[in-house]
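A.B. asks: 7 is the number of the first residue of the sequence shown in my numbering; add one for each residue after it.
Glycine residues also receive a C-beta, built at the ideal position from the N, C-alpha and C atoms.
To start, I am sharing the structure in question, which I have written as structure tokens.
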Amino acid sequence: LQPDLATAVVVKQLGGKSKFKKFVEKNLNERAQLKYKTLVFGHKGYPGFANWFWATRYDWLRIGIFVSDEIQKKESCLGNYLRDAITNSVETGRDWGPKYGKFFYTKNPYGLKSKAIMMKGHGNKFTIIDYENERVLAVHSIAEDFEAEKLVSLIIQ
């Protein structure tokens, strides 16, 4: 499912743009302790979460820590959502992210052997959340011509 379409469905289910903004502020900005507003609506007012989700490099790390903490909480609604994404993810045919579910690559991102999920943006911009070992790696590069798997192996493994 395309992320912008999925976001539009969530906006509708929550009752509109203003309720969606409050939901994001409460459940992401506040709980992950982000320093900057992260959700921006496009010029026509449509949510474009994938294209309009901005955060500082430190905020990406805070998001990673927050997700890692939530995925390990048995009583967490978000943790249940994330575990469901892992359990029900679908094959992608990509070596760097073999399975995908609910905005996350959910199996062995870039060959990582531990339990981890990954958010990926344009180019080689990605955040790997290694919740098994409580590590977060955020790479911010628009260059696509470097070998990200070697970088991950060098830093994490």
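#1: In whole angstroms, what separates the C-alpha of E81 from that of D101?
#2: Keeping to the same chain, check which residues put their C-beta closer than 7 Å to that of P104; ignore five residues upstream and five downstream.
#3: Go through its chain and collect everything with a Cβ distance to A144's Cβ below 7 Å, but skip five positions before and after it.
#4: Just grab the DSSP bridge partners of D136 for me.
#5: Assuming the contact rule is C-beta atoms closer than 8 Å, Y137 and K108 should be a hit. Round their C-beta distance to whole Å, please.
#6: What residues in its chain sit with their C-beta under 8 Å from that of Q78, if we drop five residues either side in the sequence?
#7: Tell me the DSSP bridge mates of K126?
#8: Within a Cβ cutoff of 8 Å, which residues of the same chain sit near L20, ignoring the five residues on either side of it in sequence?
#9: Let me make sure I understand the geometry here. Which of V158, E31 and H146 has the alpha-carbon closest to that of K119?
C.D. replies: According to the data block:
#1: Rounded to whole angstroms, the gap between the alpha carbons of E81 and D101 is 33 Å.
#2: E97, T98, K113 and N114
#3: R63, W66, L67, G70 and T133
#4: R141
#5: That belief does not hold up - the Cβ atoms of Y137 and K108 are roughly 15 Å apart, past 8 Å.
#6: G85 and Y137
#7: Beta-bridge pairing links K126 to F132.
#8: F26 and F29
#9: V158
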